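Novice: The structure that follows is given in the form of structure tokens.
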Ligand code: PFF
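In my numbering, the protein residues as written are 235 to 681.
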């Protein structure tokens, strides 16, 4: 096996997992999904899902990764010799490409907004003007593709410098800063006239607004946001040290990730209602609302720059973790050099991302069930790939994997109490599979 780079410090490993989890999923996608699905009730389902499925599946990926110190395929081979479970790795690899394909387009939009912020164009306009600014951006194939490609080039440059150095440094400085800045924006949003309507939308659960599709969206959103279901955290935890408490680390990742998502909601929705933007605007929501928030603030120019810069870094730590999935796989399973593995991963990623970036303009008449290619990738990534992956992981660790391995990992070989183990097993065996299978069967009309 190729020599594996490790994280220099324990904090480095957790910071990298948090860096993977916190990204556009929290800041861009969570508010838009909550908006489309009616707010409060969606958020309740989302939080429940984080607790009973999210944390258990994070833990499962950690268990697989740390017990073997290997990538998903090698890990499954090692844990279940002679069985074909390792084939699931290919679904994970495909899933990682689908996610990064649409995700890097949104990263491109973030760079465009960073650029517009630098030019001072994110102030002095009406909400309608911000709306047409975004419409103009996605209608322009050159701009969309250009920024996406620039983002990906940066991503793969960082990748070629190796795991420990690149990620660790970026993640541990930027994440706390992003957190602080989100809180400042929340306070500002809450001071807007009519802010209470936004808060009511977010925190008052009106179940009449929630459909089964909304429940599926909440599940998918939780999995995407936590980076689970496509073996990302298997790869990361394969670098974890043997004395860290997996339960503590998994809970830390989930809590921080959920806090960032909720803060993002509290930043966006008071402004949505105050400015009269439709909460159901979808993927464009934050891009139409944020400039309005900045222009209300003293020093809005600097805040806007800082915000987009931090979101850019948060997205980068997520795409780094995404592209590490196929890269590690190619290096360790196909004996490629790191350079070659990065080259092939980059090639596929560029192809998919360019198609996704063109789906609002040149390719906008290609639609399936009313969704363009970008929307389809966005939907399939979380609601199909990550959820199915989560289901596989839960069933594998809950039912198939030797309980001794689970116990060993939860207690660090008997050194910890492992109090969470019964909860973990119950969720993995029953709660997660039953909920995910039920929602799929219901939505496909089988029940
Ligand atoms: N969790 C990331 C986010 O919320 O932005 C997205 C992501 C990263 C998904 C890594 C999947 C993954 F493997």
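We treat Cβ as the ideally placed atom computed from N, Cα and C, and that holds for glycine. These numbers come from a predicted model, not from an experiment.
Have a look at the DSSP bridge pairing and note the partners of residue 605.
Specialist: As a working note, residue 605 is residue 371 in the chain shown. According to DSSP, residue 605 bridges with 602.
Novice: Is the beta carbon of residue 464 within less than 6 Å of some heavy atom of the ligand PFF?
Specialist: Counting from 1 along the chain shown, the entry for residue 464 is found at position 230. Yes, the Cβ of residue 464 comes within 6 Å of a heavy atom of the ligand PFF.
Novice: Report the rounded CA-to-CA distance for residue 367 versus residue 529, giving the unit in angstroms.
Specialist: Indexing the chain shown from 1 puts residue 367 at position 133. Indexing the chain shown from 1 puts residue 529 at position 295. Those two C-alpha atoms are separated by around 15 Å.
Novice: Confirm, please, whether the CB-CB distance from residue 547 to residue 408 is below 7 Å.
Specialist: In the chain shown, counting from the first residue as 1, residue 408 sits at position 174. In the chain shown, counting from the first residue as 1, residue 547 sits at position 313. For residue 408 and residue 547, yes; Cβs fall inside 7 Å.
Novice: Quick one: grab the DSSP three-state call for residue 359.
Specialist: For this step, residue 359 is matched to residue 125 along the chain shown. Looking at residue 359 - three-state DSSP - the assignment turns out to be coil, as it is neither helix nor strand.
Novice: Heavy atom of the ligand PFF less than 6 Å from the Cβ of residue 333, yes or no?
Specialist: Working through the chain shown from its first residue, we reach residue 333 at position 99. Yes, the Cβ of residue 333 comes within 6 Å of a heavy atom of the ligand PFF.
Novice: Give the DSSP-derived three-state secondary structure of residue 336 in the structure shown.
Specialist: Here residue 336 refers to the residue found at position 102 of the chain shown. Three-state DSSP puts residue 336 in a helix.
Novice: Out of 583, 496, 462 and 485, state which residue places its alpha-carbon closest to the alpha-carbon of residue 413.
Specialist: Position 179 of the chain shown, counting from 1, holds the residue named residue 413. Closest by alpha carbon: 496.
Novice: Would the beta-carbon of residue 257 be found less than 6 Å away from any heavy atom of the ligand PFF?
Specialist: Sequence index remark: in the chain shown, residue 257 carries index 23 (1-based). Indeed, a heavy atom of the ligand PFF lies less than 6 Å from the Cβ.
Novice: Does the segment 304-324 touch the segment 499-508, meaning 3 or more C-beta pairs lie closer than 8 Å?
Specialist: With a cut-off of 8 Å, the segment 304-324 and the segment 499-508 do not count as touching, because too few Cβ pairs lie within range.
Novice: Quick one: what's got a C-beta closer than 6 Å to residue 257's C-beta in the same chain, skipping five residues either side?
Specialist: Here residue 257 is taken as the residue at index 23 of the chain shown, counted from 1. Excluding positions up to five away in sequence, the list reads 548, 549 and 552.
Novice: Give the range of the alpha helix (DSSP H) segment to which residue 427 is assigned.
Specialist: Along the chain shown, read from residue 1 onward, the residue named residue 427 stands at position 193. That residue, residue 427, is in no alpha helix (DSSP H); it is neither H nor E in DSSP.
Novice: Along the chain, where does the alpha helix (DSSP H) that runs through residue 539 open and close?
Specialist: As a first step, residue 539 is located in the chain shown; it is residue number 305 there, counting from the start. 534-567 is the span of the alpha helix (DSSP H), which, as asked, contains residue 539.
Novice: Would residue 332 and residue 619 be called neighbours here (beta carbons separated by less than 7 Å)?
Specialist: As a working note, residue 332 is residue 98 in the chain shown. As a working note, residue 619 is residue 385 in the chain shown. Contact: yes.
Novice: Helix, strand or coil, according to DSSP, for residue 473 in the structure here?
Specialist: Sequence index remark: in the chain shown, residue 473 carries index 239 (1-based). Residue 473: coil per DSSP, three-state reduction.
Novice: Assess contact between the segment 340-360 and the segment 379-389, defined as three or more Cβ pairs (one per stretch) separated by less than 8 Å. Is contact present?
Specialist: Short answer: they touch.
Novice: Roughly how many angstroms lie between the CA atoms of residue 252 and residue 538, to the nearest whole one?
Specialist: For the purposes of this step, residue 252 is taken as the residue at position 18 of the chain shown. For the purposes of this step, residue 538 is taken as the residue at position 304 of the chain shown. Near 23 Å, if we compare the C-alpha coordinates of residue 538 and residue 252.
Novice: What did DSSP end up calling residue 680 once you bin it into helix, strand or coil?
Specialist: Within the chain shown, residue 680 is the residue found at index 446, counting from 1. Coil at residue 680, not helix or strand.
Novice: Sort 338, 592, 525 and 273 by Cα distance to residue 353 and report the nearest one.
Specialist: Start at 1 with the first residue of the chain shown, and residue 353 comes out as number 119. Taking only the C-alpha atoms, the option nearest residue 353 is 525.
Novice: For residue 540, is the beta carbon positioned less than 6 Å from some heavy atom of the ligand PFF?
Specialist: The residue given as residue 540 occupies position 306 in the chain shown. Answer for residue 540: no, Cβ out of range of the ligand PFF.
Novice: Does the beta-carbon distance from residue 361 to residue 509 come in below 7 Å?
Specialist: Locating residue 361 in the chain shown gives position 127, counting from the first residue. Locating residue 509 in the chain shown gives position 275, counting from the first residue. Yes, Cβ-Cβ distance for residue 361 and residue 509 is below 7 Å.
Novice: Exposed or buried, what is residue 391 when buried is set at 16 or more other beta-carbons lying within 10 Å of its beta-carbon?
Specialist: Mapped onto the chain shown, residue 391 falls at position 157. Residue 391 is exposed by the Cβ-count criterion.
Novice: Could you tell me how far apart the beta carbons of residue 411 and residue 293 are, in whole angstroms, since I believe they sit closer than 8 Å?
Specialist: In the chain shown, counting from the first residue as 1, residue 411 sits at position 177. In the chain shown, counting from the first residue as 1, residue 293 sits at position 59. Not confirmed; about 28 Å, so no contact.
Novice: Within 10 angstroms of the Cβ of residue 518, are there 16 or more other Cβ atoms? Answer buried if so, exposed if not.
Specialist: Position 284 of the chain shown, counting from 1, holds the residue named residue 518. Its Cβ being crowded by 16 or more others within 10 Å, residue 518 is buried.
Novice: May I have the straight-line CA-CA distance separating residue 260 from residue 327, to the nearest angstrom?
Specialist: Your numbering for residue 260 matches position 26 in the chain shown. Your numbering for residue 327 matches position 93 in the chain shown. Distance between the alpha carbons of residue 260 and residue 327 is about 22 Å.
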